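Peer 1:
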Ligand code: SAM
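In the numbering used here, the protein residues as written are 5 to 275.
(1) Does the ligand SAM have a heavy atom nearer than 6 Å to the CB of residue 83?
(2) Do residue 58 and residue 91 have their beta-carbon atoms positioned less than 7 Å apart in this structure?
(3) Go ahead and pull the three-state DSSP assignment for residue 110.
(4) Let me know the alpha helix (DSSP H) ranges lying completely inside the region 5-80, each 4 residues or longer, listed in chain order.
(5) Measuring alpha carbon to alpha carbon, tell me which of 216, 184 and 169 ends up nearest residue 210.
(6) Could you say which of 144, 195 and 66 lies nearest to residue 21 if we only look at CA atoms?
(7) Can you look up residue 209 in the DSSP assignment and give me helix, strand or coil?
(8) Do you know how far the Cα of residue 147 is from the Cα of residue 214?
(9) For residue 50 and residue 252, what's the separation of their Cα atoms in angstroms?
(10) With DSSP as the reference, label residue 158 as helix, strand or coil.
(11) Threshold first: 3 residues or longer. Then list the beta strand (DSSP E) segments lying entirely within the region 104-154, N to C.
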């Protein structure tokens, strides 16, 4: 019965996990939420309804999943750790709109999965407390795969949140900021302290919202080339663009200077 499992209660979670012989894996980024205000706030920010399909990455024991199931039409959660499958079967047994996908979110064909599982949903959104070791790769995978999704609301480390949501041109911006900004608009929704997790990590977190653009903000002929250029520009961010692009970007100094002149930009600017 659902009432048995308060997934934000430390003792309940401890009992549940030890009954399944589960121990936390640092390598899989397993820090489970035990703050009873965070998951409802994430679900509320997602504004899901009966017509919304939600893709979750890493349900853990289902604390966020449960909140998502209360409002969304369907919740499909990808979990890599097979030790959690019997736990999820128990904690989510009362929700018939929940589906578990066993596998690695970095390897599964997400476009096919979305087509297959959400074909009758009006819109699809992603919501997750992301495993920290794959925060940027998974966000970039979601964006670059051009999936049929509208919005991503995820918990990430606070530093990652600052970088992902930074203003272009600001000190916090990096290559990933430019990439995210190309596909979407990102903003920090709220901060979450390290004490909200079990076990408690060494860093604080934040929930961010990434709203996908229907069209990129500017037209790009060759996206691969653009991102290679951005990566090279930020790989030595303290150097001038002329130096970083000629050192790692495979361009000659004179061609970078010529391009900057054409754009009316100073030849001493940095990425
Ligand atoms: N959603 C739960 C919560 O908020 O308490 C758990 C979040 S925990 C930070 C990350 C979860 O992602 C863990 O359950 C972990 O096993 C799972 N995970 C790690 N790597 C994964 C991957 N590559 N694909 C799918 N799930 C993964």
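Ideal Cβ placement from N, Cα and C applies to all residues, glycine included.
Only a predicted model underlies this, so the values are computations on that prediction, with no experimental measurement involved.
Peer 2: Reading from the atomic positions:
(1) yes
(2) no
(3) Here residue 110 sits in coil by DSSP.
(4) Under the rule that a run must span 4 or more residues, the alpha helix (DSSP H) segments found entirely inside the region 5-80 read 14-23, 42-50 and 67-75.
(5) Comparing C-alpha distances from residue 210 to each of 216, 184 and 169 shows the shortest one belongs to 169.
(6) 66
(7) strand
(8) 10 Å
(9) 40 Å
(10) Residue 158 carries a strand assignment under DSSP once its states are collapsed to helix, strand and coil.
(11) 127-133
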